[in-house]
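Trainee: In this note's numbering, the protein residues as written are 188 to 350.
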């Protein structure tokens, strides 16, 4: 890769990393897993950077993050329960944001993926279905059930949501 392309990639990483980390954190619920997911995605994007840079690199990288998360989820499908959610390293995170993350973690994996893709990343039903390799009807159903559960968790007296 040429020096100019490498500088371009470094600039992209600097600008896109916070958004990618937030996306990965919402998908995984674990800041350490999110960092690893983004790091692996950026390594894969780096290899293809000469082609990726001419299109929409952020969208491409988000798709890589989502696909890597889906692959990991399919391989390990084990849920690890903990007594307490780890402390956040970002002191600027609002309590409502933390409550939302906790509520997202209470959703089943598929519902969480669909809700994050549809409402955080603003993907269409078809784009979400393509990303997760599921049907549009499954996306609609998972979105409906996931949002209903989130409303219950966020509005109700269930502030003690555990992961």
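All residues carry an ideal CB built from backbone N, CA and C; glycine is no exception.
None of these values were measured; they are calculated from a predicted model.
What residue range does the alpha helix (DSSP H) around residue 300 cover?
Mentor: DSSP places residue 300 inside the alpha helix (DSSP H), whose first and last residues are 296 to 302.
Trainee: Judging by CA-CA distance, which residue of 220, 222 and 236 is the nearest neighbour of residue 197?
Mentor: 236
Trainee: Excluding five sequence neighbours on each side, which residues of the same chain lie with their C-beta closer than 7 Å to the C-beta of residue 225?
Mentor: 204, 207, 208, 211 and 252
Trainee: Under the assumption that residue 329 contacts residue 301 (Cβ atoms under 8 Å), give the Cβ distance between them as a whole number of angstroms.
Mentor: 4 Å
Trainee: Beta-carbon within less than 7 Å of residue 261's beta-carbon, same chain only, minus the 5 sequence neighbours each way: which residues are those?
Mentor: none
Trainee: Could you check which residue in 256, 232, 257 and 255 has the C-alpha nearest to that of residue 245?
Mentor: The shortest CA-to-CA distance from residue 245 to any of 256, 232, 257 and 255 is the one to 232.
Trainee: Please report the residue range of the alpha helix (DSSP H) in which residue 313 lies.
Mentor: 312 to 319
Trainee: Tell me whether residue 291 sits in a helix, a strand or coil according to DSSP, three-state version.
Mentor: helix
Trainee: Just mark residue 323 as buried or exposed, buried being the case when its beta carbon has 16 or more other beta carbons within 10 Å.
Mentor: Note on residue 323: under 16 other CB atoms within 10 angstroms of its CB, so exposed under the neighbour-count rule.
Trainee: Check each candidate in 341, 298, 241 and 340 and name the one with the smallest Cα separation from residue 321.
Mentor: 298
Trainee: Could you check which residue in 315, 294 and 307 has the C-alpha nearest to that of residue 333?
Mentor: 294
Trainee: What number of angstroms, rounded off, separates the C-alpha of residue 213 from the C-alpha of residue 307?
Mentor: 9 Å
Trainee: Helix, strand or coil, according to DSSP, for residue 271 in the structure here?
Mentor: For residue 271, the three-state secondary structure derived from DSSP is coil.
Trainee: Distance, Cα to Cα, residue 202 vs residue 270?
Mentor: 35 Å
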